[in-house]
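Worksheet for the structure shown next.
Number of protein chains: 2
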Amino acid sequence: MKELFTITEIKEAKSLLGRDFQPQLKAETVALEQALGRINYDDILATEQVPNFSRSTKDGYAVRARDTFGASESLPGLLTLGEEILMGVPTSFPLGPGQASYIPTGGMLPEGADAVLMIEYADHLSDEELLVLKEVARGENVTLKGDDVQVGDLLIPRGKRLRPQEMGLLASQGIVTVTVRERIRVGILSTGNELIEAGYVPSLGQIRDVNSYILRAEVERAGASPTIYPIARDEYDHLYGLVSQAFSENHMVLISGGSSVGTRDFCLKVLTDLTGKDPLFHGIPLKPGKPALGASLDGKVLLGLPGHPVSARTVYDVLVKPLLQTEEENDWKNMVEGILVRNVVSETGRDDHIKVQVRKEKGEILVYPLLGVSGIVSLMTEGDGEMVIPKGTEGFEQGKRVQVILYG
Amino acid sequence: MKELFTITEIKEAKSLLGRDFQPQLKAETVALEQALGRINYDDILATEQVPNFSRSTKDGYAVRARDTFGASESLPGLLTLGEEILMGVPTSFPLGPGQASYIPTGGMLPEGADAVLMIEYADHLSDEELLVLKEVARGENVTLKGDDVQVGDLLIPRGKRLRPQEMGLLASQGIVTVTVRERIRVGILSTGNELIEAGYVPSLGQIRDVNSYILRAEVERAGASPTIYPIARDEYDHLYGLVSQAFSENHMVLISGGSSVGTRDFCLKVLTDLTGKDPLFHGIPLKPGKPALGASLDGKVLLGLPGHPVSARTVYDVLVKPLLQTEEENDWKNMVEGILVRNVVSETGRDDHIKVQVRKEKGEILVYPLLGVSGIVSLMTEGDGEMVIPKGTEGFEQGKRVQVILYG
Chain A
2 MKELFTITEI KEAKSLLGRD FQPQLKAETV ALEQALGRIN YDDILATEQV PNFSRSTKDG
62 YAVRARDTFG ASESLPGLLT LGEEILMGVP TSFPLGPGQA SYIPTGGMLP EGADAVLMIE
122 YADHLSDEEL LVLKEVARGE NVTLKGDDVQ VGDLLIPRGK RLRPQEMGLL ASQGIVTVTV
182 RERIRVGILS TGNELIEAGY VPSLGQIRDV NSYILRAEVE RAGASPTIYP IARDEYDHLY
242 GLVSQAFSEN HMVLISGGSS VGTRDFCLKV LTDLTGKDPL FHGIPLKPGK PALGASLDGK
302 VLLGLPGHPV SARTVYDVLV KPLLQTEEEN DWKNMVEGIL VRNVVSETGR DDHIKVQVRK
362 EKGEILVYPL LGVSGIVSLM TEGDGEMVIP KGTEGFEQGK RVQVILYG
Chain B
2 MKELFTITEI KEAKSLLGRD FQPQLKAETV ALEQALGRIN YDDILATEQV PNFSRSTKDG
62 YAVRARDTFG ASESLPGLLT LGEEILMGVP TSFPLGPGQA SYIPTGGMLP EGADAVLMIE
122 YADHLSDEEL LVLKEVARGE NVTLKGDDVQ VGDLLIPRGK RLRPQEMGLL ASQGIVTVTV
182 RERIRVGILS TGNELIEAGY VPSLGQIRDV NSYILRAEVE RAGASPTIYP IARDEYDHLY
242 GLVSQAFSEN HMVLISGGSS VGTRDFCLKV LTDLTGKDPL FHGIPLKPGK PALGASLDGK
302 VLLGLPGHPV SARTVYDVLV KPLLQTEEEN DWKNMVEGIL VRNVVSETGR DDHIKVQVRK
362 EKGEILVYPL LGVSGIVSLM TEGDGEMVIP KGTEGFEQGK RVQVILYG
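Heads up: the sequence lines are chains A and B, in that order.
Counting from 2, one number per residue, gives the positions in the first sequence under the numbering used here.
Counting from 2, one number per residue, gives the positions in the second sequence under the numbering used here.
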């Protein structure tokens with residue numbers, strides 16, 4: 002058996018890509034309501050303390066905690082009712098010893114008060130007198146000034162993707178515009194004389210270009226900005242022209258098809274000529290997806306993906322997606338652990354990505370491997386995610402707890 | 002202790018909302034590249050078989066499988082080389098007995114051929130003769146016509162959210178426009194005299210409206226369409242006017258603040274008057290988030306959420322998000338299972354949502370509960386998700402495998 006390309010370890014391929022992918026991403030300032038899913042450009046520090054006044058967290062009565070000590074339902078305490086505190090109005094009067102003032106949730110604690118007695122534990126004896134049915138501790142039902150955020154606190158570190166929670170945190174500081182990284186631009190092109198655009202009817206021997214749609218959607222979902230280029234014919238000059246255009250206009254180029262060992266395979270030569278050096282890797286021990294190709298130049302990367310949609314997506318998930326994600330996202334997210342419902346065998350020489358369905362049954366998460374012919378588009382849409390049987394492992398036994406990477 | 006509202010079970014509240022939320026969503030036709038994340042309006046059936054010709058899945062030689070029987074490296078078979086098959090060109094010649102034709106990956110199998118011998122297992126003896134180093138079975142390295150999809154197959158069921166995989170499947174059928182449900186429109190408003198818009202500087206006693214930003218982002222992320230209304234003052238007429246406007250313009254209305262038991266709480270009265278009936282529930286056994294309020298009319302729902310951002314998000318996650326998600330998404334997604342690193346106690350009378358951080362350490366997923374004061378905005382952004390200690394449970398012990406609902 003002829004070995005036509007070198008097999009680089011997947012880890013090594015990932016680390017080479019990670020090392021060389023250093024795109025120069027500019028800063029962009031956007032309105033907070035447009036910032037969802039964007040990546041924070043620089044550390045954002047707090048400019049205000051939160052809350053900026055001590056607030057009640059309950060509907061009840063502002064009190065001095067010590068005035069309630071020992072109070073209980075059987076032995077209630079007695080306080081004098083002072084002025085009512087209004088929501089959204091600064092409280093100017095101080096609370097004297099032995100006094101209580103009605104305070105709504107979010108109301109500003111008066112000077113002298115240090116706790117709030119919940120409405121449920123108080124009884125009006127008269128308009129001026131309040132029975133205290135429970136003692137409260139200092140600070141109870143109160144958020145103190147600055148409790149949440151102090152000036153200068155790191156609110157959001159650089160490189161973090163902004164979620165709804167971060168929107169809230171920034172709004173609480175009055176920050177309504179945010180500086181984010183420009184989106185990573187990804188050029189996508191498919192190669193192959195047999196490919197036609199999806200809107201056309203294929204003649205015999207032709208097939209529609211499916212990968213452009215899949216990769217565009219994946220890239221978009223990862224928060225990056227995809228551009229689709231025309232389908233490249235299996236001709237060196239045509240492919241070279243399109244790849245170099247895509248390279249100059251993007252931070253990353255994904256070429257699908259053209260990386261398997263065929264006589265009309267020019268992808269390797271185009272990438273070698275364009276970057277002026279050997280590719281980072283050519284072939285990885287991954288099933289499906291072995292004939293993946295990686296190259297780099299000037300902080301940008303170019304990837305050759307297999308032509309088959311199922312394989313192309315596996316290579317996308319393993320090699321491309323991590324480059325578009327934040328460090329945090331690369332760690333553990335989009336995983337689920339479940340119980341494998343039957344034995345699965347695997348060849349030991351490579352990482353084996355097995356498509357699975359995940360079902361919750363009687364409170365248990367069950368993992369059903371979809372064992373079918375590689376190359377079935379419908380198989381791809383029926384899977385919920387993938388389970389990886391690592392290189393050097395002969396398979397997994399029924400009942401094993403396995404981790405599934407969800408497609409999302 | 003006075004019980005000021007009825008506590009509805011969370012399951013019951015969810016089921017009442019699910020029963021009554023029946024928005025009339027129109028059909029919208031969009032280009033396939035705009036359809037990511039949209040929900041499929043109707044069943045889509047296959048109009049073409051896939052592939053529409055039998056294809057090779059490998060670079061190699063089209064053969065009749067029976068001609069290779071018994072061939073091995075030590076005892077190779079011999080075949081006559083026929084015409085080469087070109088990519089993207091219909092193969093018109095038949096393959097005769099004893100013949101082999103070079104075929105690239107994706108190439109069209111000639112009539113008579115039923116398998117492909119991989120290039121690695123063949124050796125050119127001359128321009129006309131090929132040594133076969135391995136036998137192949139019928140169908141090996143071949144995807145037969147219609148193997149993937151038959152005409153009339155259900156491609157994508159109604160109500161499914163379209164992911165990159167579905168884009169690929171539709172493109173493979175030449176379907177480049179899709180009919181999707183219009184986005185669910187969600188009106189969002191905050192109530193409270195103490196609230197000001199986030200861009201302003203609060204006076205003493207005022208706080209910025211944070212919930213509008215959080216809920217807008219959550220709704221957007223769920224694939225629905227949010228509209229923010231002005232902040233409602235704690236006055237019946239003002240609140241009624243805004244809520245009824247939002248109700249007429251949207252399928253769902255989220256009102257935050259104003260649902261706790263305060264003397265200026267008009268939300269309950271507004272919802273009762275607007276719908277002409279008692280609310281579906283008022284108060285649910287959930288921490289944080291107890292004072293949630295739900296009402297319905299004409300297939301639309303209105304929800305009162307707590308004013309505190311952390312509590313409002315918990316109620317959003319538990320009651321609102323399921324209404325915006327597809328059935329599939331409501332089952333098990335966005336969960337992760339990990340090992341709890343310390344004991345957590347809980348009151349038994351309600352579902353207790355504990356914010357946690359999830360970390361992967363030495364291959365194990367560890368769950369760190371964030372036990373802090375409820376009401377810390379920064380706590381919200383530090384959490385990766387929530388662990389739920391169900392009603393009736395006193396807590397979880399260190400080492401327990403717990404499931405975490407990820408914020409995503």
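Glycine included, every Cβ here is placed at the ideal spot set by N, Cα and C.
Could you tell me if residue i is buried or exposed, where buried requires 16 or more neighbouring beta carbons within 10 angstroms of its beta carbon?
i: aspartate 43 of chain B; result: exposed
i: phenylalanine 1 of chain B; result: Residue 1 of chain B cannot be examined here, being either before or after the span of chain B that is shown, 2 to 409.
i: valine 152 of chain A; result: exposed
i: histidine 309 of chain B; result: buried
i: phenylalanine 94 of chain B; result: exposed
i: serine 213 of chain B; result: buried
i: valine 346 of chain A; result: exposed
i: histidine 125 of chain B; result: exposed
i: arginine 139 of chain B; result: exposed
i: glycine 350 of chain B; result: exposed
Quick check on DSSP: helix, strand or coil for residue i?
i: valine 181 of chain B; result: strand
i: lysine 361 of chain A; result: strand
i: glycine 19 of chain A; result: helix
i: methionine 119 of chain B; result: strand
i: lysine 270 of chain A; result: helix
i: isoleucine 285 of chain A; result: coil
i: threonine 81 of chain B; result: strand
i: leucine 243 of chain B; result: helix
i: isoleucine 406 of chain A; result: strand
i: methionine 88 of chain A; result: coil
i: asparagine 331 of chain A; result: helix
i: phenylalanine 70 of chain A; result: coil
i: proline 98 of chain B; result: coil
i: leucine 33 of chain B; result: helix
i: threonine 276 of chain A; result: helix
i: lysine 161 of chain A; result: coil
i: glycine 339 of chain A; result: strand
i: isoleucine 215 of chain B; result: helix
i: isoleucine 104 of chain B; result: strand
i: glycine 169 of chain B; result: helix
i: alanine 225 of chain A; result: coil
i: phenylalanine 248 of chain A; result: helix
Please compile the residues from chain B whose C-beta is within a distance smaller than 8 Å of the C-beta of residue i.
i: serine 204 of chain A; result: Pro91
i: tyrosine 230 of chain A; result: Ordered by position in chain B, no residue passes the 8 Å Cβ test against tyrosine 230 of chain A, which lies about 14 Å from the chain.
i: valine 302 of chain A; result: None at all; the shortest Cβ gap to chain B is about 20 Å.
i: alanine 63 of chain A; result: Correct list: empty, because the minimum Cβ distance to chain B is about 13 Å.
So, under 8 Å CB-CB, residue i and residue j are touching, yes? Tell me the CB distance rounded to an integer number of Å.
i: phenylalanine 1 of chain B; j: leucine 17 of chain B; result: Since the first residue shown for chain B is 2 and the last is 409, residue 1 of chain B is missing from the structure and cannot be characterised.
i: lysine 26 of chain A; j: arginine 182 of chain A; result: The residue asked about is misnamed: residue 26 of chain A is leucine in this sequence, not lysine. About 4 Å; that satisfies the 8 Å criterion.
i: glutamate 338 of chain A; j: arginine 402 of chain A; result: 6 Å
i: isoleucine 232 of chain A; j: leucine 196 of chain A; result: 5 Å
Could you tell me which chain A residues have their CB closer than 8 Å to the CB of residue i, listed as they occur along the chain?
i: glutamate 1 of chain B; result: This structure cannot settle anything about residue 1 of chain B, because the visible part of chain B is limited to 2 through 409.
i: threonine 207 of chain B; result: In the sequence as presented, threonine is not what sits at residue 207 of chain B; that position holds glutamine. Chain A residues near glutamine 207 of chain B: Gly89.
i: tyrosine 369 of chain B; result: What tyrosine 369 of chain B touches in chain A: nothing, since even the nearest Cβ is about 13 Å away.
i: methionine 336 of chain B; result: Val337, Ile366
Starting from the beta carbon of residue i, find every residue of chain A whose beta carbon is closer than 7 Å, and list them in chain order.
i: aspartate 310 of chain B; result: Note that residue 310 of chain B corresponds to proline in the displayed sequence, not to aspartate. Under the 7 Å cutoff, chain A gives Gly169.
Name the chain B residues whose beta carbon is nearer than 7 Å to that of residue i?
i: threonine 81 of chain A; result: In chain order: nothing, as chain B lies at least about 20 Å away.
i: valine 211 of chain A; result: Gly169, Ala172, Ser173
i: arginine 139 of chain A; result: Ordered by position in chain B, no residue passes the 7 Å Cβ test against arginine 139 of chain A, which lies about 14 Å from the chain.
Using a cut-off of 9 Å between C-beta atoms, extract the partners of residue i located in chain B.
i: alanine 199 of chain A; result: Leu33, Leu171, Ala172, Ser173, Gln174, Gly175, Ile176, Val177
i: tyrosine 408 of chain A; result: Arg164, Pro165, Gln166
i: arginine 159 of chain A; result: Within 9 Å Cβ-Cβ: nothing; arginine 159 of chain A doesn't reach chain B, min ~15 Å.
i: isoleucine 256 of chain A; result: Neighbours of isoleucine 256 of chain A on chain B: none; closest Cβ ~15 Å, over 9 Å.
Determine the chain A residues that contact residue i at a beta-carbon separation under 9 Å, and present them in chain order.
i: arginine 217 of chain B; result: Glu34, Leu37, Pro165, Met168
Which residues, in chain order, does the segment 164-197 of chain B contribute to contact with chain A at a C-beta distance below 7 Å?
Arg164, Pro165, Gln166, Glu167, Met168, Gly169, Leu170, Ala172, Ser173, Gly175, Val177, Gly193, Asn194, Glu195
Could you please tell me which residues of the segment 33-61 of chain A, in chain order, have their CB closer than 7 Å to any CB of chain B?
Leu33, Glu34, Leu37, Val51, Pro52, Asn53, Phe54, Thr58, Asp60
Could you run through the segment 233-254 of chain A and flag, in chain order, every residue whose CB is less than 8 Å away from some CB of chain B?
Asp235
Residues within the segment 100-118 of chain A neighbouring chain B, beta-carbon criterion of under 7 Å
Pro105, Thr106, Gly107, Met109
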